[in-house]
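> Sending over a structure as structure tokens; questions will come in a sec.
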Amino acid sequence: MSINAFRIKQAFFIAVIVILMVVYYSIFRQLMMSQKIYEDIDFIAFYSAGRIAQVDGTANIYKFEEQKKMEEAVKGRLITADEVLPFIHPAFIVPLLQLVVGTDYVSSLQRWIMVQLGLYFVSAWIISSLMSKTLPQRFLSGIAVILFFPAIISLIGGQDSAILFLGAAIWIVGLINEDDYLAGLGLALTTIRPHIAIVLAIPFIFKRQKVFAGFCLGAGALLVVSLFLVGLSGIKDYMQIIAISAGENCNSGQTIMFNVLGCLLRSFPNVSPELQRHIAWAVYAIALVGLCFLWRKARTIEPHHIGTLILIGLFTVPHLHYHDLVILLVPIILSIRKANKLGLICLRDTPLIVTGLSLLLLINHTLLSPYIHSIPYLLMILLFIWLWMPEHLIKLRPA
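Offset between the sequence shown (1-based) and this note's numbering: plus 40.
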């Protein structure tokens, strides 16, 4: 690479980093000064669960009426049942919420964001090992990962997608390094989104079974912790909350989801939402069976299989919002590694590529808000095509 080309890349990378950080800071600052933190972000459900656990005990975190009362206290007004944002997350994160939340909602949100940011730092350091072995390059790659736009969306919303990504990071590093038990244990952390964990884990019954064994061990331990926290009655309440959240009148934003269900609801607004939910669940089941068949027929599990698992899984799961698209980083990194293997790019270009994609997603989300789904869908399609493209069709040249 010429010195001029290197300097151009370096200047572009610095410029993108500065733009992203300035915009992200502006968004966070406006959020903290806005009434939206009480009305329009997901953290209120986490706050309610943490405060209920502190005041009434962890066994009551899934009681709908308790959640409603706590959210009314935060908003300072009475709310209807369909205004409640239910806490639908596994109970094993509640002890962490108990440590973070307090009587002041805004301060609790700030502490939760810092905890999630810390988890992203850990995840970024883990997954950056797939892109470079030198400390400076790992640092730059890690920064690019942390600034990935869906990760920032999760922080802005007070979500817990950092735990999902931590599990995915450990999982993919374990897979690449052929440490299947470690991969399975990392995969267990993705049970923070059970519907995603299922589609990522089940195919490993048919190949690399140690991954599934590690998943069962880790997920079983988290289940025991959850049972200890809420008891059998709490599990029953959890199932009821899940049923409520899947309903038509629940405040779960199904029409803006990035999955099959969201596509159906946006494309066919006059068709019964209940019918569309049944169709979406059927597609999810069919996709899971298809992925299991793919695993069973494969000689070995290659990076394109892993990328396919994530891409199809994300599109077909019954519940998916923008913040969980953070695990698109896995097929992105696998695609970069393939391009490097073929001599098309250098791994040191990873921070530039990831931050460039973040800027593209940011522009799409802020300036083309009616079409916020377009670029993520296009990115997923291109990643799928690239990962499956036969290497002999790709013209090789020195990186």
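Where a beta carbon is used, it is the ideal one built from N, C-alpha and C, also for glycine.
Are the beta-carbon atoms of residue 209 and residue 226 separated by less than 9 Å?
Contact: yes.
> Within its chain, find whatever has a CB closer than 7 Å to the CB of residue 362; leave out the 5 residues flanking it on each side and keep chain order.
Closer than 7 Å at the Cβ level, and outside the excluded window around residue 362, lie 190, 193, 298.
> Report the start-end ranges of each alpha helix (DSSP H) in the region 290–358 that is 4 residues or longer and not cut off at the edges.
Within the region 290–358, the complete alpha helix (DSSP H) runs of at least 4 residues are 300–307, 313–337, 343–356.
> With a 10 Å radius around its C-beta and 16 neighbouring C-beta atoms as the bar for buried, classify residue 316 as buried or exposed.
So residue 316 ends up on the buried side.
> Please specify which runs of the alpha helix (DSSP H), each continuous and at least 4 residues long, are wholly inside the region 216–276, giving them in chain order.
Counting only runs of 4 or more, we get 220–229, 234–241.
> Can you give me the C-alpha to C-alpha distance between residue 304 and residue 412, rounded to a whole angstrom?
Taking the straight line joining both Cα atoms gives about 16 Å.
> Once the 5 residues before and after residue 371 are set aside, which same chain residues still bring their CB inside 7 Å of it?
Here the set comprises 347, 350, 351, 423, 427.
> Just how far apart, CA to CA, sit residue 261 and residue 364?
Going from the Cα of residue 261 to the Cα of residue 364 covers about 23 Å.
> State the Cα-Cα distance for the pair residue 398 and residue 170, rounded to the nearest angstrom.
Each residue's alpha carbon lies about 19 Å from the other.
> Less than 8 Å between the CB atoms is what I'm expecting for residue 202 and residue 145, so what's the real figure, rounded?
Not a contact, Cβ separation roughly 20 Å.
> Report the three-state DSSP secondary structure of residue 144 (helix, strand or coil).
Coil.
> Return the CA-CA distance between residue 258 and residue 140, expressed in angstroms with no decimal places.
So the two alpha carbons sit approximately 24 Å from each other.
> Between residue 268 and residue 359, what straight-line distance do the alpha-carbon atoms span, to the nearest angstrom?
Answer to the nearest angstrom: the Cα atoms are 26 Å apart.
> The alpha helix (DSSP H) spanning residue 184 covers which residue range?
Residue 184 -> alpha helix (DSSP H) spans 175–186.
> Considering only residues of the same chain and omitting the five flanking positions on each side of residue 83, which have a CB-CB separation below 6 Å?
So the list reads 149, 198, once near-sequence residues are dropped.
> In angstroms, rounded to a whole number, what distance separates the CA positions of residue 204 and residue 129?
Cα to Cα, the separation comes out at about 12 Å.
> Taking its Cβ as the centre, do 16 or more other Cβ atoms sit within 10 Å of residue 101, making it buried, or is it exposed?
Classification for residue 101: buried.
> Does the count of Cβ pairs from the region 152–159 and the region 168–184 closer than 8 Å reach three?
Judged by Cβ distances under 8 Å, the region 152–159 makes no contact with the region 168–184, as fewer than three pairs qualify.
> Quick one, which of 236, 293, 408, 264 has its alpha-carbon nearest residue 327's?
Looking at the Cα atoms, 236 is the closest of the given residues.
> Would you mind reading off the limits of the alpha helix (DSSP H) that contains residue 75?
Element bounds for residue 75: n/a, residue is neither H nor E.
> What did DSSP end up calling residue 98 once you bin it into helix, strand or coil?
Of the three classes helix, strand and coil, the one that applies to residue 98 here is helix, per DSSP.
> Assuming residue 57 and residue 395 form a contact by the criterion Cβ under 8 Å, report the distance between their Cβ atoms to the nearest whole angstrom.
That belief holds up - the Cβ atoms of residue 57 and residue 395 are roughly 6 Å apart, short of 8 Å.
> At which residues does the alpha helix (DSSP H) containing residue 10 begin and terminate?
Only positions 41 to 439 of the chain appear in the structure, and residue 10 is not among them; the question remains open.
> Tell me which same chain residues have a C-beta within less than 6 Å of the C-beta of residue 384, skipping the five on either side of it?
If we look at residue 384 and ignore the five residues flanking it on each side, it has no Cβ neighbours.
> Taking only the alpha-carbon atoms, compute the straight-line gap between residue 121 and residue 113 and give it to the nearest angstrom.
Cα-Cα distance, rounded: 14 Å.
> In three-state DSSP terms, what is residue 47?
Helix.
> DSSP state of residue 172, grouped into three classes?
The answer is coil: DSSP assigns residue 172 none of H, G, I, E or B.
> Mark residue 293 as exposed unless 16 or more other C-beta atoms lie within 10 angstroms of its C-beta, in which case mark it buried.
Exposed: under 16 other Cβ atoms inside 10 Å.
> What are the boundary residues of the alpha helix (DSSP H) that includes residue 104?
Here the alpha helix (DSSP H) through residue 104 covers 104–115.
> Quick one: grab the DSSP three-state call for residue 432.
In this structure, residue 432 counts as helix in the three-state DSSP scheme.
> Taking residue 245 and residue 195 to be in contact with their CB atoms under 8 Å, please state how far apart those CB atoms are, rounded to whole angstroms.
About 35 Å; that fails the 8 Å criterion.
> Residue 85 and residue 70: beta carbons closer than 9 Å?
No, they are not a contact pair.
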